[in-house]
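**Q** One structure is given below, represented as structure tokens, and several questions about it will come after.
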Ligand code: ADP
């Protein structure tokens with residue numbers, strides 16, 4: 007269990023990136039979702055020992071991650087947002103090198119681990135190719151391979167699917183979901199779909215604050231019967247609805263503008279009941295907390 011208690015971080019210059027964030031994260035896939043600038047990377051970097059919080063604590067099964075950086079690094083697998091590679095090195099050479107750095111010094115054991123990871127991440131056929139020639143998806147899968155070296159107990163993956171095409175994204179998400187269930191995996195993302203597909207628990211964060219924490223399907227259930235949709239014909243109609251109801255989102259459907267609103271009773275006026283989804287949960291909580 008990863009326990010995050012009252013974490014706060016203000017950057018020099020005054021940006022309050024995290025305000026008193028507390029979370030209990032059990033083993034399994036945990037989705038941390040929020041818009042750009044929400045504070046996700048800041049939280050990930052603190053957990054990955056790359057940044058010092060101002061106040062608060064983070065412990066993994068009793069180990070204080072903030073105070074014990076060396077020990078934390080040994081049990082951590084971290085895939086940062088931008089994963090730099092040595093472009094001329096091949097995947098297999100780079101993994102061997104990183105394995106040595108992680109302390110896997112016995113060559114037989116190292117070979118077995120490196121080859122196993124190349125198979126698991128589906129990079130076996132391109133293992134001798136220079137990393138500089140890898141596609142975005144291949145680089146991210148290599149990032150997972152290096153994060154899994156040395157059997158981590160905490161895996162942190164920061165915005166992994168940004169920039170991947172749908173096939174690469176799919177392959178990457180399947181790989182993530184195959185990672186051990188006894189490990190805490192935190193997936194930070196601004197893509198709601200990633201969380202819906204993968205995560206057993208999630209949290210929504212915005213402006214450094216925790217807005218919601220829970221099981222995705224349960225958060226959707228809580229909105230059942232409260233999401234309504236209507237295609238609007240004119241700007242005036244849209245504005246009138248925006249004045250009368252909390253708007254969750256606006257989508258184009260076949261070139262027409264469809265509004266989704268939150269209402270505990272039927273709003274009438276031509277609205278139809280909509281099936282709530284995780285995107286509704288996300289936007290509903292974001293807009294509810296938006297400062298005026
Ligand atoms: P996210 O990962 O959710 O996009 P970040 O944690 O990167 O959010 O950023 C949170 C806030 O902190 C943003 O307003 C960002 O501009 C600011 N920020 C991030 N890193 C720094 C830094 N090194 N110095 C100053 N401000 C920063």
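Numbering (my numbering), first residue to last: 7 to 298. Using N, Cα and C, we set each Cβ at its ideal position, and we do this for glycine too.
1) What residue range does the beta strand (DSSP E) around residue 75 cover?
2) Could you tell me which of 265, 281, 45 and 153 sits nearest to residue 16, measuring between CA atoms?
3) Go ahead and label residue 109 buried or exposed: buried means 16 or more other beta carbons lie within 10 angstroms of its beta carbon, across all protein chains shown.
4) Measuring straight from C-alpha to C-alpha, what distance separates residue 66 and residue 282?
5) Do residue 107 and residue 137 have their C-beta atoms within less than 8 Å of each other?
6) Quick check: what's the CA-CA separation for residue 146 versus residue 172?
7) Got a sec: does the ligand ADP put a non-hydrogen atom nearer than 7 Å to the Cβ of residue 23?
8) Going along the chain, which residues of its own chain have a beta-carbon closer than 8 Å to the beta-carbon of residue 232, five neighbours each way excluded?
9) Using three-state DSSP, classify residue 251 as helix, strand or coil.
10) Measure the beta-carbon distance from residue 48 to residue 78 and round it to whole angstroms, keeping in mind my assumption that it falls under 8 Å.
11) Could you check whether the Cβ of residue 169 sits closer than 7 Å to any heavy atom belonging to the ligand ADP?
12) With DSSP as the reference, label residue 282 as helix, strand or coil.
13) Residue 63 lies in the beta strand (DSSP E); which residues open and close that run?
14) Identify the continuous beta strand (DSSP E) that holds residue 301 and give its terminal residues.
15) Spatial neighbours of residue 129 within its chain, please: C-beta separation below 7 Å, excluding the five flanking residues on both sides.
16) I want to know whether the segment 283–290 touches the segment 238–258 - three or more CB-CB distances under 8 Å.
17) Using 10 angstroms around the beta-carbon of residue 259, count the other beta-carbons present and answer buried if the total reaches 16, otherwise exposed.
18) Sorry if obvious, but does the Cβ on residue 209 come closer than 7 Å to a heavy atom of the ligand ADP?
19) At the level of alpha carbons, what is the spacing between residue 37 and residue 111?
20) Starting from residue 236 and walking both ways along the beta strand (DSSP E), at which residues does that stretch end?
21) CA-CA distance, residue 23 and residue 29?
22) Taking Cβ to Cβ, would you say residue 163 is nearer than 8 Å to residue 194?
23) Where does residue 47 sit, in a helix, a strand or coil, going by DSSP?
24) Should residue 48 be counted as a contact of the ligand ADP given a C-beta to heavy atom distance under 7 Å?
**A** So, to answer that:
1) What you label residue 75 is simply residue 69 of the chain shown in a count that begins at 1. Careful: residue 75 lies outside any beta strand (DSSP E), inside the alpha helix (DSSP H) at 75–80.
2) For the purposes of this step, residue 16 is taken as the residue at position 10 of the chain shown. When each option's Cα is compared against that of residue 16, the closest is 45.
3) Counted from its first residue, the chain shown places residue 109 at position 103. Counting every other CB atom within 10 Å of its CB across the protein chains shown gives residue 109 a total below 16, marking it as exposed.
4) As a first step, residue 66 must be located in the chain shown, where it is residue number 60. As a first step, residue 282 must be located in the chain shown, where it is residue number 276. If I take the Cα positions, the gap works out to 34 Å.
5) On the chain shown, position 101 is the one that residue 107 refers to. On the chain shown, position 131 is the one that residue 137 refers to. Against a cut-off of 8 Å, the Cβ pair of residue 137 and residue 107 comes out as no contact.
6) Here residue 146 refers to the residue found at position 140 of the chain shown. Here residue 172 refers to the residue found at position 166 of the chain shown. Cα to Cα, residue 146 sits roughly 14 Å from residue 172.
7) Taking the first residue of the chain shown as 1, we reach residue 23 at position 17. It does: the Cβ of residue 23 is within 7 Å (strictly closer) of some heavy atom of the ligand ADP.
8) Translated into positions along the chain shown, residue 232 becomes position 226. Excluding sequence neighbours, residue 232 sits near 268, 269, 270 and 282.
9) Counting from one through the chain shown, the residue named residue 251 turns up at place 245. Coil at residue 251, not helix or strand.
10) Counting from 1 along the chain shown, the entry for residue 48 is found at position 42. Counting from 1 along the chain shown, the entry for residue 78 is found at position 72. The Cβ separation is near 17 Å, so there is no contact.
11) As a first step, residue 169 must be located in the chain shown, where it is residue number 163. Distances taken from the Cβ of residue 169 to the heavy atoms of the ligand ADP include none shorter than 7 Å.
12) Translated into the one-based positions of the chain shown, residue 282 becomes position 276. DSSP places residue 282 in coil when its eight states are reduced to three.
13) The residue you call residue 63 lines up with position 57 of the chain shown. 61–66 is the extent of the beta strand (DSSP E) around residue 63.
14) No answer is possible for residue 301: the residues shown for the chain start at 7 and end at 298.
15) In the chain shown, residue 129 corresponds to position 123, counting from 1. 97, 144, 147, 148 and 151.
16) yes
17) The residue labelled residue 259 in the question sits at position 253 within the chain shown. That one is exposed.
18) Here residue 209 refers to the residue found at position 203 when the chain shown is read from its first residue. No, the Cβ of residue 209 stays beyond 7 Å of every heavy atom of the ligand ADP.
19) Walking along the chain shown from the start, residue 37 turns up at place 31. Walking along the chain shown from the start, residue 111 turns up at place 105. If I take the Cα positions, the gap works out to 34 Å.
20) If you number the chain shown from 1, residue 236 lands on position 230. Where residue 236 is concerned, the enclosing beta strand (DSSP E) stretches over 233–238.
21) Numbered from its first residue, the chain shown carries residue 23 at position 17. Numbered from its first residue, the chain shown carries residue 29 at position 23. So the two alpha carbons sit approximately 16 Å from each other.
22) As a working mapping, residue 163 is identified with position 157 in the chain shown. As a working mapping, residue 194 is identified with position 188 in the chain shown. Yes, the pair counts as a contact, with Cβ atoms nearer than the cut-off.
23) In the chain shown, the residue the question calls residue 47 occupies position 41. Helix at residue 47.
24) Mapped onto the chain shown, residue 48 falls at position 42. Checking the Cβ of residue 48 against the ligand ADP gives yes.
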